[in-house]
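One structure is given below, encoded as structure tokens.
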Amino acid sequence: MYALQNKSRPWWVTFDFDHTLIKSPYWRLHFLPWLTRQAHHQNVDATILRRAIHDEGQRRWARGEWVASFDWSAIAQTLGLDPIPPADQPDATTVRNLVLPHVETVLWSLKRLDVRLAVVTNGFKAFQSPYLKALGWDYVFDAIVTPDIIGTAKPDPAMMKSLHPILLHIGDRLTHDVLCAQRAGAGSALVDSTMPETDRIDPLSPSHIVPDFLIHDFRVIPSIVSTLLNTRNMATVFFT
Ligand SMILES: [Mg+2]
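Everything in the sequence shown is counted per our numbering, starting at 45 for the first residue and increasing by one.
Structure representation (structure tokens):
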């Protein structure tokens, strides 16, 4: 019983990407420079253009088109803007400067535990992969889950269906990360973030969402994971 849980199906520990592990590299290094060029080209204020893109994303979400609401290229096309070119392979140092404090140390600590690591992000694969590769994280994570591949987005628990069982999901959005984890029956941890909880809210969200853990310092994550592993593995021995 014990060996079955431990050896053949190690627990997953999953992470959101933007504002959990790193400061939105696609947005900062690719999307915003494109937006600035577009604003100049269209002779409009970049803030107005940014608002129009945001609002179109919100409209798509409100129509239940969760995946399409994160499709920046299609949104640009709908608004009559020039296509957003694919992100080139970025400079590794530039990307590494956006990684949040202690993240890499923690990831390598977790690699020494009996867990599998995944990224579960609402950013499309083409938007996130160049940055994961630049950091060498495509070797750190055992899976990268994105809406364009799965056909839905957080907080739909189907985003986590291919990762079973999940011990803990760590993210910066209550209404996406914590809610998705709870709906998937996984543990949830919320990191400090300045991101607002005002956009792309599931109308079926409960009015109160409480994470299992609040993370003020990323360095506590390996000890949380170790404790949960011990608890869950003991539960497996007792209840199977
Ligand atoms: Mg995030």
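Backbone N, C-alpha and C define an ideal beta-carbon position, used for all residues, glycine too.
In this text the structure is predicted, and so the values were computed from the model without any measurement.
- Query: Hey, quick one: how far does the alpha helix (DSSP H) through V235 stretch, first residue to last?
  - Reply: To locate residue 235, count along the sequence shown from 1; it is residue 191. Per DSSP, V235 belongs to no alpha helix (DSSP H); it is in the beta strand (DSSP E), G231 to V235.
- Output the residues surrounding ligand 1, defined as those with a CB atom closer than 6 angstroms to any ligand heavy atom, in chain order. D60, D62, H63, T64, G215, D216 and R217
- Give me the Cα-Cα distance between L211 and V57, rounded to the nearest whole angstrom. Taking the sequence shown and counting its residues from 1, one reaches residue 211 at position 167. Taking the sequence shown and counting its residues from 1, one reaches residue 57 at position 13. Rounded to whole angstroms, L211 to V57 spans 6 angstroms at the Cα level.
- Message: Looking at P199: is its Cβ nearer than 8 angstroms to the Cβ of H213?
- Response: Taking the sequence shown and counting its residues from 1, one reaches residue 199 at position 155. Taking the sequence shown and counting its residues from 1, one reaches residue 213 at position 169. No. Outside cutoff.
- Among the residues of its own chain, which have a CB less than 7 angstroms from the CB of F61, if the five just before and after it don't count? The residue labelled residue 61 in the question sits at position 17 within the sequence shown. Answer for F61: V163, T165, G167 and Q172, listed in chain order.
- For the beta strand (DSSP E) holding H260, just list the boundary residues, first then last. Residue numbering aside, residue 260 sits at position 216 when the sequence shown is read from its first letter. Annotation for H260: no beta strand (DSSP E) segment contains it, and DSSP assigns it neither H nor E.
- Task: Would you kindly work out how many angstroms separate the C-alpha atoms of D126 and D243, rounded to a whole number?
- Result: As a working mapping, residue 126 is identified with position 82 in the sequence shown. As a working mapping, residue 243 is identified with position 199 in the sequence shown. Spanning the two alpha carbons is a distance of roughly 25 angstroms.
- Query: Which of the three DSSP states, helix, strand or coil, is assigned to T196?
  - Reply: Numbered from its first residue, the sequence shown carries residue 196 at position 152. T196: coil per DSSP, three-state reduction.
- Starting from T122 and walking both ways along the alpha helix (DSSP H), at which residues does that stretch end? On the sequence shown, position 78 is the one that residue 122 refers to. Residues W116 to T122.
- Which term fits M45, buried or exposed, when burial requires 16 or more other beta carbons within 10 angstroms of its beta carbon? Here residue 45 refers to the residue found at position 1 of the sequence shown. Reliability of the predicted coordinates at M45 is poor, the pLDDT of 30 falling under 50, and the value obtained from them is presented with this limitation in mind. Under this definition M45 is an exposed residue.
- Given R263 as reference, the closest of M204, D236 and V147 once Cα atoms are compared: Counting from 1 along the sequence shown, the entry for residue 263 is found at position 219. Per the Cα distances, V147.
- Straight-line gap, L65 to H252 (C-alpha atoms, nearest Å): Within the sequence shown, the letter at position 21 stands for residue 65. Within the sequence shown, the letter at position 208 stands for residue 252. Looking at the two C-alpha atoms, the distance is approximately 25 angstroms.
- Distance between G108 and V143 (C-alpha atoms, nearest Å): Locating residue 143 in the sequence shown gives position 99, where the first residue counts as 1. Locating residue 108 in the sequence shown gives position 64, where the first residue counts as 1. Each residue's Cα considered, the two are about 32 angstroms apart.
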